[in-house]
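Residue numbers (the numbering used here), protein chains in the order written: chain A, 666 to 1027; chain B, 666 to 1027.
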């Protein structure tokens, strides 16, 4: 926004305090107070902490003039109502996963990550330099929302299972706590996806009301202690090649911000996109070791299961694309990018990572 | 820095213009002009462009008050003299690779990346949440420098070769253009490392004065057209698990900055750390395809060569650690982090990436 435009809008902008009554230098740095509703409880300390760090950085960059207060899930808005609240303008912004809202629009899933999809680096490459940002801008603008990419959790674990899962047959009838696009694919494979709040999972697994539960990765999973009641901890969590966290912003409120505040919010979002992944990457290793010492048994999904899951994923995506124009538009761009990107990642990153991870020992 | 501290320092700070003569609001946002010397020519458009984007973001965040002007290699300082110029204070900051300066202190190499070392995500995890930042702060502060992490190029290619390299024997006597820590290891393996400016490589390979040349990755390598004179394009570039780009800042100049300007520079650095990698990740795939269409033949180093290179790398690192306390201090922390991190990355990221990169096809 040009400064002149800003001054013009300032008189009408509800967030601007005394814009016309103070000297020029203050007009470009008005006092602005926003509320951000997160989908996380405070004990998901990496995601919740990253939301806080984002707002703190924005305050620092604006000499305390642009204040954003973070609320945990349920404090002002339920964890799964964040996007709606941003759309209605009852809060200015949120901190959530777009995949929570695929019931509204399946194409939202691309903003988070798809089964067997882009890994964290590939997702960022697509989002910033491969057309993803423009597609998400267009998609969410239809609902009056702008989405900022504010983090990633990487490849998740495949969850906790009471019994070993060896072939696609073992998935049939499996009562598994799983949501999002992965839930749709698991359902197609014969599983019976369950919706359960995190606090109810332990008891349900212990009683056998459910057979399995998918969560996040070791750093967060460890807190629930599920390996005590379902010791098989499967990998990889193929439901997303990586899971990107999003901050939806009410588009009208965004447009009211001075350019330097938009810049502060954007750059702080980009910083947290880097930092959240780094913090999980630093914390997961030790958490997994502690879980293994506590009885978790790590198992890798068989090639047969991965093949069947991949096949089901592609079938589901193509079916949705055939009947949903929004989904198809993103899917065509995204899947071309994915294929092209894999053709490069398997040339340099793949071989060196493989040698380093598996073979090199002092 | 507290605002009161800043005002106290302001009177002495050479970069502060009229700090005591203007009203309070202006005192926290003085006009500051810095110069940044990059080690890159302008045609290395991703790295050079990222330096520019960093400075542009800082200007945006400070309403144009904190200006940093970027100079290409050779404009005010030679590409390999950037660190010295920052240390002496003749320029306020640079944009370079710390590994260019390992002749001065071998431990600087950890700031960039080591052979068979941390990949991009692992490097960020180590730097921000694994102790790397504190170790680099301590190491560089001895020379009056603060280093900001401002980018990464990921795993590089292994370079262009006139003849196939099949066993470690083929490396003996190989005249290869390579620098940094990888050059030391290649020398240990019997190669004869050569220093050559990029502009001279093509003719040297064509004439056979050198046998091979290592550069960066497809996006940058394509411009030199080396595959026309040395068609074997080897992978992976094991010289670094990833190569991180650094902006060294003169520590005294850094301390003179108001807190909000430090914050602006820090957050812009973090943003570019994300963006540079994303831009390379988005651009390398197509560049590689064009090179292959133009005659490049991609070859993967044999397991035998990787094993021998890995063994030589560990031997060299341990020898240096035995006689260099600065190196040892970083090496001990870094190698423990690397082992621990690999134990996690091979559980989830590794298996899913491997399935996706190599096996999954529609």
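By construction, the Cβ of each residue, glycine as well, lies at the ideal position given by its N, Cα and C atoms.
- Contact with chain A is found for residue 1016 of chain B, since one of that chain's Cβ atoms lies less than 7 Å from the residue's Cβ.
- In the displayed model, residue 840 of chain B falls within a strand according to three-state DSSP.
- Leaving aside the five residues that flank residue 871 of chain B on each side, the residues in its chain whose CB is nearer than 8 Å to its CB run, in chain order, 894.
- Against residue 953 of chain A, the close residues of chain B are 1009 and 1012, in the order they occur along the chain (beta-carbon pairs closer than 7 Å).
- Residue-level contact check: residue 977 of chain B does not touch chain A, since none of the beta carbons of chain A fall below 7 Å from its beta carbon.
- Remark: C-beta atoms of residue 1013 of chain A and residue 900 of chain B approach each other more closely than 7 Å.
- The C-alpha of residue 757 of chain A is placed about 42 Å away from the C-alpha of residue 965 of chain A.
- Taking a C-beta cut-off of 9 Å against chain B, the contacting residues of the segment 789-821 of chain A are 789, 790, 791, 792, 793, 794, 795, 819, 820 and 821, listed in chain order.
- Near chain A, meaning a CB-to-CB distance below 8 Å, the residues of the segment 907-939 of chain B are 924, 925, 928, 929, 932, 933, 935, 936, 938 and 939.
- DSSP, reduced to helix, strand and coil, places residue 903 of chain A outside both helices and strands of the structure shown, so it counts as coil.
- Residue 836 of chain B and residue 851 of chain B do touch by the CB rule: their CB atoms are close to 7 Å apart, below 8 Å.
- Bounds of the alpha helix (DSSP H) holding residue 721 of chain B are 710-726.
- Residues 712, 715, 909, 910, 937, 938, 940, 941 and 942 of the same chain have their beta carbon placed closer than 8 Å to that of residue 816 of chain A, with the five preceding and five following residues left out of the count.
- Inter-segment contact for the segment 911-923 of chain B and the segment 968-983 of chain B is absent: fewer than three beta-carbon pairs are separated by less than 8 Å.
- Using beta-carbon distances, residue 1020 of chain A counts as an interface residue toward chain B, with a partner under 7 Å.
- Listed by position along chain A, the residues whose Cβ is nearer than 9 Å to that of residue 901 of chain B are 1012, 1013, 1014, 1015, 1016, 1017, 1018 and 1020.
- Boundaries for residue 940 of chain A: no beta strand (DSSP E) harbours it, while the alpha helix (DSSP H) harbouring it runs 924-958, taken from the DSSP string.
- Ranked by how close their Cα comes to the Cα of residue 707 of chain B, the residues B:885, B:929, B:876 and B:932 have B:885 in first place.
- By the rule that beta-carbons nearer than 7 Å mark a contact, residue 853 of chain A does not touch chain B.
- Secondary structure of residue 818 of chain A (DSSP, three-state): coil.
- When the beta-carbon positions are compared, residue 751 of chain A and residue 913 of chain A come within less than 7 Å of each other.
- Annotation for residue 705 of chain A: no beta strand (DSSP E) segment contains it, and DSSP assigns it neither H nor E.
- Considered as a whole, the segment 715-799 of chain B harbours 731-736 and 758-760 as its complete beta strand (DSSP E) runs of no fewer than 3 residues, in chain order.
- From the beta-carbon of residue 882 of chain A, the residues of chain B found nearer than 8 Å are 1013.
- Boundaries cannot be given for residue 967 of chain A, as no beta strand (DSSP E) includes it and DSSP labels it neither H nor E.
- Counting only the Cα atoms, residue 1021 of chain A lies some 15 Å from residue 999 of chain B.
- Going by DSSP, residue 992 of chain A is part of the alpha helix (DSSP H) stretching over 990-1010.
- For residue 985 of chain A, the secondary structure class from DSSP, reduced to helix, strand or coil, is helix.
- Measuring C-alpha to C-alpha distances from residue 888 of chain A to each of A:915, A:907 and A:959 identifies A:959 as the nearest.
- A:702 is the residue among A:868, A:839 and A:702 whose C-alpha sits nearest the C-alpha of residue 734 of chain A.
- Our two residues, residue 961 of chain A and residue 775 of chain B, have alpha carbons roughly 34 Å apart in a direct line.
- For residue 693 of chain B, no alpha helix (DSSP H) segment is defined, and its DSSP state is neither H nor E.
- In the three-state reduction of the DSSP assignment, residue 913 of chain B falls in the strand class, which pools E and B.
- Look at residue 874 of chain B: its C-beta is not under 7 Å from any C-beta on chain A.
- For residue 1016 of chain A, there is no enclosing beta strand (DSSP E); the residue is found in the alpha helix (DSSP H) stretching over 1014-1019.
- Looking at the DSSP output, residue 811 of chain A bridges to A:914.
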